[in-house]
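Asker:
Residue numbers (our numbering): 123 to 538.
(1) Does the region 195-205 come close enough to the region 226-242 to have 3 or more Cβ pairs within less than 8 Å?
(2) Does the structure place the region 211-219 close enough to the region 254-271 that three or more beta carbon pairs sit under 8 Å?
(3) Just how far apart, CA to CA, sit residue 225 and residue 259?
(4) Of the residues 511, 229 and 189, which one's Cα is nearest the Cα of residue 326?
(5) Report, in whole angstroms, the separation of the C-beta atoms of residue 366 and residue 331, which I expect to be a contact under 8 Å.
(6) Answer with buried or exposed for residue 222, where buried requires no fewer than 16 other C-beta atoms within 10 angstroms of its C-beta.
(7) From 182, 158 and 275, pick the residue whose C-alpha is nearest to that of residue 169; which is it?
(8) For residue 220, does the three-state DSSP call read helix, strand or coil?
(9) Could you have a look at residue 258 and say whether DSSP puts it in helix, strand or coil?
(10) Would residue 164 and residue 181 qualify as a contact pair, given that the criterion is a beta-carbon distance under 8 Å?
(11) With distances taken between CB atoms, is the gap from residue 297 to residue 320 smaller than 8 Å?
(12) In or out: residue 340 buried (at least 16 other Cβ within 10 Å) or exposed?
(13) Between 277, 310 and 138, which lies nearest to residue 373 when the distance is taken from Cα to Cα?
(14) Alpha carbon to alpha carbon, how far is residue 304 from residue 192?
(15) Comparing alpha-carbon positions, which option in 314, 174 and 306 lies nearest residue 241?
(16) Tell me, to the nearest whole angstrom, how far the beta carbon of residue 272 is from that of residue 344; I am working on the premise that it is less than 8 Å.
(17) Beta-carbon within less than 7 Å of residue 501's beta-carbon, same chain only, minus the 5 sequence neighbours each way: which residues are those?
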């Protein structure tokens with residue numbers, strides 16, 4: 123499929139020029155539209171037949187959405203049994219390239235990416251389509267706007283079990299795949315939300331949350347290990363933790379996650395991931411609480427001064443006394459300030475909880491060790507992970523074999 127593509131004209135109008143990269147199914151090329159005189163990107167997205175019908179369905183949905191944060195579809199053409207998707211040529215960098223160059227993102231930029239992706243995933247899910255491959259390499263920057271690149275080899279109709287045996291069921295990089303997909307469960311919107319959480323976690327920390335030494339270890343980590351928690355960085359971190367919940371039923375939807383970022387239902391969202399901004403009512407209560415707590419300290423100091431005056435002590439004695447008292451006063455003041463910050467953090471934590479839980483009960487639960495897997499559960503999960511790796515390697519072998527020349531293709535003569 124890649125041999126001799128330069129200069130080839132697809133669909134009678136798209137002249138292929140140079141290869142840009144590879145998609146989930148095949149290569150991506152830069153091409154020139156001879157009819158509209160513009161440069162476009164063409165990607166091999168499937169083969170003729172049943173696969174072509176699926177691609178056409180998903181392409182119609184993408185084109186109909188016409189969303190500013192979704193790379194749209196211009197055309198579909200077929201050539202030599204391969205379906206090609208014609209899309210705008212996005213010259214900006216991908217998130218993967220950004221991470222390679224910068225290592226990680228600031229909280230403000232991470233929120234911008236999260237909002238852009240949630241804005242496009244929400245209508246896509248409402249249309250009954252699961253993207254299936256949300257990861258940094260599929261998020262591109264175009265004229266200051268983050269855009270999600272459609273992955274037709276991984277897309278599926280929500281809850282459609284007919285698509286799970288498609289060779290693209292594990293197209294997503296193992297670092298970002300949802301754990302339920304390892305057991306070949308039907309695609310659901312919650313899969314995209316987990317992949318989004320893994321992507322955002324990568325942006326914040328500079329490392330995929332489940333990345334290990336090899337594919338098997340990575341898939342095992344996705345299946346049974348918890349990611350490093352990010353709740354300490356504010357609402358964005360808590361949202362990412364919720365998106366990475368192993369239970370898909372407990373993950374927020376795209377619309378719910380977007381509301382969290384906007385501070386829905388009167389819950390303001392902090393200006394940065396490290397901000398401790400609170401609703402005005404909560405802040406005023408905390409301020410009053412600290413002031414009232416400082417009142418006994420002030421009364422104690424006044425009583426000491428009055429006692430010293432009654433005892434007719436010298437000014438030097440009073441001065442020495444207050445010099446000795448000052449460090450303890452500052453220490454006590456620091457404790458009150460710390461108490462204020464703790465109360466503010468608890469207020470934000472309670473605002474994010476789906477159900478009210480006493481702090482002591484939450485703390486006791488956090489001390490309990492996770493339930494150990496039975497031998498049967500361990501064997502089942504290991505078998506699922508091994509089967510996933512085998513399927514992925516088989517797909518790679520098939521693609522390499524189809525792209526490689528046959529025996530004797532490069533020989534000019536035949537042995538006699």
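Just so you know, even glycine gets a beta-carbon here, dropped at the ideal spot from N, CA and C.
Answerer: So, from the listed chains and residues:
(1) They do not touch, by the three-pair rule.
(2) yes
(3) Those two C-alpha atoms are separated by around 14 Å.
(4) 229
(5) About 7 Å separates the beta carbons of residue 366 and residue 331, which is inside the 8 Å limit, making them a contact pair.
(6) Label assigned to residue 222: exposed.
(7) 275
(8) For residue 220, the secondary structure class from DSSP, reduced to helix, strand or coil, is helix.
(9) It is helical.
(10) no
(11) yes
(12) buried
(13) 310
(14) 27 Å
(15) 314
(16) Not confirmed; about 23 Å, so no contact.
(17) none
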